[in-house]
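Residue numbers (our numbering), protein chains in the order written: chain A, 655 to 995; chain B, 655 to 995.
To keep things clear, I will list the structure first and then write my remarks on it.
Number of protein chains: 2
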Amino acid sequence: MSSIPPVPTLADVARRAGVSTATVSRCLNSPGQVNEGTRTRVMQAVRDLGYAPNFGARALAAKQTNTVGVVIPTMENAVFARGIQAFQNALGHAGKTLLIASSAYQPELEDEQVRTLVARGADALLLIGYEREPSLFDFLARRGVPALVAWSFDETQSHPAIGFDNRASMEELARLVLQYGHTHVACISAPTGPNDRARGRVQGIRHAMDSAGLPAQNLYLTEVDYGIDTGAAALRHVLSAAPATTVVMCGNDVLAIGALRAAREMGLRVPEDLSITGFDDIDLAMLAEPALTTVHVPHREMGRRAAGQLVQALEQGTPLKSVRLATDIRVRQSLGPVPKG
Amino acid sequence: MSSIPPVPTLADVARRAGVSTATVSRCLNSPGQVNEGTRTRVMQAVRDLGYAPNFGARALAAKQTNTVGVVIPTMENAVFARGIQAFQNALGHAGKTLLIASSAYQPELEDEQVRTLVARGADALLLIGYEREPSLFDFLARRGVPALVAWSFDETQSHPAIGFDNRASMEELARLVLQYGHTHVACISAPTGPNDRARGRVQGIRHAMDSAGLPAQNLYLTEVDYGIDTGAAALRHVLSAAPATTVVMCGNDVLAIGALRAAREMGLRVPEDLSITGFDDIDLAMLAEPALTTVHVPHREMGRRAAGQLVQALEQGTPLKSVRLATDIRVRQSLGPVPKG
DNA sequence: TTCCCGAATGTAAGCGCTTACATCTGATTC
DNA sequence: GAATCAGATGTAAGCGCTTACATTCGGGAA
Numbered sequence: 655m656s657s658i659p660p661v662p663t664l665a666d667v668a669r670r671a672g673v674s675t676a677t678v679s680r681c682l683n684s685p686g687q688v689n690e691g692t693r694t695r696v697m698q699a700v701r702d703l704g705y706a707p708n709f710g711a712r713a714l715a716a717k718q719t720n721t722v723g724v725v726i727p728t729m730e731n732a733v734f735a736r737g738i739q740a741f742q743n744a745l746g747h748a749g750k751t752l753l754i755a756s757s758a759y760q761p762e763l764e765d766e767q768v769r770t771l772v773a774r775g776a777d778a779l780l781l782i783g784y785e786r787e788p789s790l791f792d793f794l795a796r797r798g799v800p801a802l803v804a805w806s807f808d809e810t811q812s813h814p815a816i817g818f819d820n821r822a823s824m825e826e827l828a829r830l831v832l833q834y835g836h837t838h839v840a841c842i843s844a845p846t847g848p849n850d851r852a853r854g855r856v857q858g859i860r861h862a863m864d865s866a867g868l869p870a871q872n873l874y875l876t877e878v879d880y881g882i883d884t885g886a887a888a889l890r891h892v893l894s895a896a897p898a899t900t901v902v903m904c905g906n907d908v909l910a911i912g913a914l915r916a917a918r919e920m921g922l923r924v925p926e927d928l929s930i931t932g933f934d935d936i937d938l939a940m941l942a943e944p945a946l947t948t949v950h951v952p953h954r955e956m957g958r959r960a961a962g963q964l965v966q967a968l969e970q971g972t973p974l975k976s977v978r979l980a981t982d983i984r985v986r987q988s989l990g991p992v993p994k995g
Numbered sequence: 655m656s657s658i659p660p661v662p663t664l665a666d667v668a669r670r671a672g673v674s675t676a677t678v679s680r681c682l683n684s685p686g687q688v689n690e691g692t693r694t695r696v697m698q699a700v701r702d703l704g705y706a707p708n709f710g711a712r713a714l715a716a717k718q719t720n721t722v723g724v725v726i727p728t729m730e731n732a733v734f735a736r737g738i739q740a741f742q743n744a745l746g747h748a749g750k751t752l753l754i755a756s757s758a759y760q761p762e763l764e765d766e767q768v769r770t771l772v773a774r775g776a777d778a779l780l781l782i783g784y785e786r787e788p789s790l791f792d793f794l795a796r797r798g799v800p801a802l803v804a805w806s807f808d809e810t811q812s813h814p815a816i817g818f819d820n821r822a823s824m825e826e827l828a829r830l831v832l833q834y835g836h837t838h839v840a841c842i843s844a845p846t847g848p849n850d851r852a853r854g855r856v857q858g859i860r861h862a863m864d865s866a867g868l869p870a871q872n873l874y875l876t877e878v879d880y881g882i883d884t885g886a887a888a889l890r891h892v893l894s895a896a897p898a899t900t901v902v903m904c905g906n907d908v909l910a911i912g913a914l915r916a917a918r919e920m921g922l923r924v925p926e927d928l929s930i931t932g933f934d935d936i937d938l939a940m941l942a943e944p945a946l947t948t949v950h951v952p953h954r955e956m957g958r959r960a961a962g963q964l965v966q967a968l969e970q971g972t973p974l975k976s977v978r979l980a981t982d983i984r985v986r987q988s989l990g991p992v993p994k995g
């Protein structure tokens, strides 16, 4: 592999520039401390040799890796891709690199991946949602790894988080739905078991209906995995299991798009025969036919600010603070009044 | 921060289990070598102490980080998100972690990010497209870092790659388009300057037209940045700059979706008044109205196989091999015959 | 001129782990 | 019962870098 010319080390550079390794190290890390002439000589040697510092050695000696980890359900969900892209950009500007692990929505994997990321040298972490073993947070605290929860915000939770209140946002949308006169609501949700975000959204609907004096059985809830096809299948199921349904509130836009497609395939007009809503406001939401009424979430801002906080925590030791971001309802064509008759 | 109980080290575990550090290390890395009784005792100590290995030390001593890097234009493009997600999954199964950098399509950033990734300890790399300084490949070779190009395949290039032939795939689609009788083609492409994939696609169209005996000026080419809105704007521009156009071939589906939207806004029926095609076959392509005729690319397979090759290269020293993946045309409604009259 | 001080540089001690090699144990063989 | 051997474990030498501390040197103050 690394045949004749072995990878150069700091010592090689030092020898070539006629200085000590300490000076080379200083040139690289705090150039201000080094006399200009020396510095140019050293940098030349670095270039000549094609030197690049050894990561492990640097991490070991400096006790930090300049790496931040994130555990994400999946990048295939545009919602995460968007937020994480912004997160990564901001991190890059601060000289940090992103380490990614994905859990494929399997909760038992999540905790393990957090540990893996820490073992892989993550200086700080971003976690999606609160849902994890308390011992995990202990572990992170003990190791001094700042961890910020994102995509969720719940004032009853103590861990610092940046996100929005899933429950309140969905409740707001549900209120709007009820104003349109709907009384029989179906909800197609992602599995709520291991997912505080999905759960919060369902609670929001429940609460809005409750406040409006509608009985619990007027909400028909079904849980399916993430996907367009599963959303489509769920719509068919809902309409046969709860035929009185006049509006289907979906836990996210992808499910809603699936539902929309199924409705079209079944010959139902949206919103004349059936209303459908989403959550997230992905690009697709606006492009769908009819365009989807949904909850807009500031994913990019969330990613950017999450990075900012983590970088500050790492560099200045600033403690993490919870931030609640505002969401807003995007009223488009997929929601309409209750069909007459 | 890491207050009273300092982070435990291998030595702490060894002491508690009453063995040497070597034994603990072996328990962790090759458990088979250790007597079962000893192993349970050690593992118990590991758990009691909440020990997790120090990454830097491990990397330094073992000379590898089990980390693979990728430089990606952006995760917000579903095409990359999909492939990278599959890549990451496969890597995870092999015990490797993914390090991500994104270039935001800025070529000058790319090379620097490759170096950063290497300095951050990436054992191997995945690069999108061939387009980079030759010295970069030298650098990687000298450091013994296997690097695989993805999303492209070009037999005239020597570097190992896994991907598809952008030129040939687009040429195939263009042939189909010409069969429909179109003679005045417009192409909305991503910037071809720093992007061999975009360039290949344009060449494919050129070549098909050439073979069909159509003059070069019958192709109107415009280049715009990635995005739905830019695609929409480009369509308006194309139709005013080249009014004879009867088909718009877009360099990717996102641009095509934008074009579709603009056409709708302009009151044009697709495909009756104007045909539009895409490339990539993202989810959106099938859901659009009308559904998009496009080139289907096996992104997930590409990601999975890229991971496989890199892992093999790392663990068995298997040399990287170029793989050409097949694409196929998905004929849907957005392409139709030339409008009469 | 002598002394002191700060800037520039050098010296060397780890950082926590892996691993080649050495040692020890008990079973197996003759 | 001695010799042999394999399996289990211990010893200790680094891996390449950062950084506290030591040293050197030149110039300004006294």
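Note that beta-carbon positions come from the ideal geometry of N, C-alpha and C, so glycine has one too.
**Message:** Short of 8 Å in beta carbon distance, which residues of its chain neighbour I859/A, apart from the five on each side in sequence? Order them along the chain.
**Reply:** Walking along the first sequence from the start, residue 859/A turns up at place 205. M824, E825, A828, V839, C841, L873 and M903, listed in sequence order.
**Message:** Do A755/B and T770/B count as a contact pair if the criterion is CB distance below 8 Å?
**Reply:** Start at 1 with the first residue of the second sequence, and residue 770/B comes out as number 116. Start at 1 with the first residue of the second sequence, and residue 755/B comes out as number 101. Contact: yes.
**Prompt:** DSSP state of V667/B, grouped into three classes?
**Reply:** One-based indexing of the second sequence puts residue 667/B at position 13. Here V667/B sits in helix by DSSP.
**Request:** Would you mind giving the Cβ-Cβ distance between Q767/B and V725/B, rounded to the nearest angstrom? I have them listed as a contact below 8 Å.
**Result:** For this step, residue 767/B is matched to residue 113 along the second sequence. For this step, residue 725/B is matched to residue 71 along the second sequence. With 8 Å as the limit, Q767/B and V725/B qualify as a contact, their Cβ atoms being about 5 Å apart.
**Request:** Could you check what DSSP says for H813/B in three-state terms: helix, strand or coil?
**Result:** Counted from its first residue, the second sequence places residue 813/B at position 159. H813/B: coil per DSSP, three-state reduction.
**Message:** Counting only beta-carbon separations shorter than 8 Å, does Q963/A have a partner in chain B?
**Reply:** Within the first sequence, the letter at position 309 stands for residue 963/A. No, Q963/A does not count as interfacial toward chain B.
**A668/B burial status per 10 Å Cβ neighbour count (16 or more: buried)** = Counting from one through the second sequence, the residue named residue 668/B turns up at place 14. A668/B should be labelled buried.
**Request:** For A735/B, go through chain A and note every residue whose CB falls closer than 8 Å to its CB, in chain order.
**Result:** Here residue 735/B corresponds to residue number 81 of the second sequence, with the count starting at 1. Those within 8 Å of A735/B in chain A are M729, E730, A732 and A735.
**Residue from S843/A, L922/A, G798/A and L974/A with nearest C-alpha to Y880/A** = If you number the first sequence from 1, residue 880/A lands on position 226. Y880/A has its Cα closest to that of S843/A, out of S843/A, L922/A, G798/A and L974/A.
**Message:** Output needed for T721/B: all residues of its chain with C-beta closer than 7 Å, excluding positions within five of it in sequence on either side, in chain order.
**Reply:** Walking along the second sequence from the start, residue 721/B turns up at place 67. For T721/B, where only same-chain residues beyond five positions count, the Cβ hits under 7 Å are K750, T751, L753, G775, A776 and D777.
**Message:** Counting beta carbon pairs with one atom in the region 951-960 of chain A and one in the region 730-744 of chain A, are three or more of them shorter than 8 Å?
**Reply:** yes
**Per-residue burial, R786/A [other beta carbons within 10 Å of its own, 16 or more giving buried]** = One-based indexing of the first sequence puts residue 786/A at position 132. Buried, by the Cβ-count rule.
**Request:** Give the secondary structure of Q723/B by DSSP, where H, G and I count as helix, E and B as strand, and everything else as coil.
**Result:** Counting from one through the second sequence, the residue named residue 723/B turns up at place 69. The residue asked about is misnamed: residue 723/B is Gly in this sequence, not Gln. In the structure shown, G723/B sits in a strand (DSSP, three-state: E or B).
**Asked** With 16 as the cutoff for other CB atoms within 10 Å, does I658/A come out buried or exposed?
**Response** Locating residue 658/A in the first sequence gives position 4, counting from the first residue. Only weak support exists for where I658/A lies, its pLDDT of 48 falling under 50; the coordinates are left without a value.
**Prompt:** DSSP on D982/A, reduced to helix/strand/coil?
**Reply:** By 1-based counting over the first sequence, the position of residue 982/A is 328. D982/A: strand per DSSP, three-state reduction.
**Asked** If Y784/B and H813/B are in contact, beta carbons under 8 Å, what's the gap, nearest whole angstrom?
**Response** On the second sequence, residue 784/B is found 130 positions in, with the first residue counted as 1. On the second sequence, residue 813/B is found 159 positions in, with the first residue counted as 1. The pair is a contact, with the Cβ atoms about 6 Å apart (cut-off 8 Å).
**Item:** Beta-carbon contacts of V892/B that lie in its chain and below 7 Å, excluding the five residues immediately before and after
**Value:** By 1-based counting over the second sequence, the position of residue 892/B is 238. So the qualifying residues of the chain are A840, I842, Y874, T876, T899 and V902.
**Prompt:** So which of A945/B, S679/B, Q970/B and V908/B has the shortest CA-CA distance to N708/B?
**Reply:** In the second sequence, residue 708/B corresponds to position 54, counting from 1. Nearest option by C-alpha distance: S679/B.
**Message:** Determine whether the beta carbon atoms of L781/A and V803/A lie at a separation below 8 Å.
**Reply:** The sequence position of residue 781/A within the first sequence is 127, counting from 1. The sequence position of residue 803/A within the first sequence is 149, counting from 1. Cβ distance < 8 Å, so L781/A and V803/A count as in contact.
**Asked** What residue does the alpha helix (DSSP H) around M863/A start on, and which one ends it?
**Response** Counted from its first residue, the first sequence places residue 863/A at position 209. D850 to S865 is the extent of the alpha helix (DSSP H) around M863/A.
**Prompt:** Any C-beta of chain B sitting closer than 8 Å to the C-beta of F709/A?
**Reply:** Working through the first sequence from its first residue, we reach residue 709/A at position 55. Interface residue, yes.
**Request:** Could you tell me if P897/A is buried or exposed, where buried requires 16 or more neighbouring beta carbons within 10 angstroms of its beta carbon?
**Result:** Here residue 897/A refers to the residue found at position 243 of the first sequence. Flag for P897/A reads exposed.
**Item:** N- and C-terminal bounds of the beta strand (DSSP E) containing W875/A
**Value:** Within the first sequence, the letter at position 221 stands for residue 875/A. Checking the displayed sequence, the identity of residue 875/A turns out to be Leu instead of Trp. Counting along the chain, the beta strand (DSSP E) containing L875/A begins and ends at L873 to E877.
**Request:** Report the residue from R851/A, N820/A and D927/A whose alpha carbon sits nearest the alpha carbon of D982/A.
**Result:** Taking the first sequence and counting its residues from 1, the one referred to as residue 982/A is at position 328. It is N820/A.
**Buried versus exposed call for E1009/B [16 or more other C-beta atoms within 10 Å across all chains shown]** = It is not possible to answer for residue 1009/B, since the shown part of chain B is limited to 655 through 995.
**Alpha-carbon spacing of R991/B relative to Q963/B, whole angstroms** = If you number the second sequence from 1, residue 991/B lands on position 337. If you number the second sequence from 1, residue 963/B lands on position 309. Per the sequence shown, the amino acid found at residue 991/B is Pro instead of Arg. Straight-line Cα distance between these residues: approximately 43 Å.
**Message:** I'd like to know if R890/B contacts chain A, where contact means its C-beta is closer than 8 Å to some C-beta of that chain.
**Reply:** Walking along the second sequence from the start, residue 890/B turns up at place 236. It does not: the Cβ of R890/B has no partner Cβ on chain A nearer than 8 Å.
**Chain-ordered neighbours of V700/B on chain A, where CB pairs are closer than 9 Å** = Taking the second sequence and counting its residues from 1, the one referred to as residue 700/B is at position 46. Ordered by position in chain A, no residue passes the 9 Å Cβ test against V700/B, which lies about 12 Å from the chain.
**Request:** Quick one: list the residues of chain A neighbouring F793/B, beta-carbon separation under 7 Å, in chain order.
**Result:** Taking the first residue of the second sequence as position 1, residue 793/B is located at position 139. Residues of chain A passing the Cβ test: G704.
**Request:** Measure the C-alpha to C-alpha separation of T719/B and R695/A and round it to an integer number of angstroms.
**Result:** Walking along the second sequence from the start, residue 719/B turns up at place 65. Walking along the first sequence from the start, residue 695/A turns up at place 41. If you take the alpha carbons of T719/B and R695/A, they lie about 31 Å apart.
**Prompt:** For a contact meaning CB atoms closer than 7 Å, what does I754/B contact in chain A?
**Reply:** Stepping through the second sequence from its first residue, residue 754/B is reached at position 100. Result: Q742, L752 and I754.
**Asked** Are the C-beta of V772/A and some C-beta of chain B separated by less than 8 Å?
**Response** If you number the first sequence from 1, residue 772/A lands on position 118. Chain B contact via Cβ: present.
**Message:** Need the endpoints of the beta strand (DSSP E) that V949/B sits in, please.
**Reply:** As a working mapping, residue 949/B is identified with position 295 in the second sequence. Segment T948 to H950, the beta strand (DSSP E) holding V949/B.
**Request:** Please state whether DSSP places A755/B in a helix, a strand or coil.
**Result:** Residue mapping note: residue 755/B aligns to position 101 of the second sequence, counting from 1. Looking at A755/B - three-state DSSP - the assignment turns out to be strand.
**Prompt:** Hey, D907/A and T948/A: beta-carbon distance below 8 Å or not?
**Reply:** Position 253 of the first sequence, counted from the start, is the residue given in the question as residue 907/A. Position 294 of the first sequence, counted from the start, is the residue given in the question as residue 948/A. Yes; because the gap between Cβ atoms is below 8 Å, this pair is in contact.
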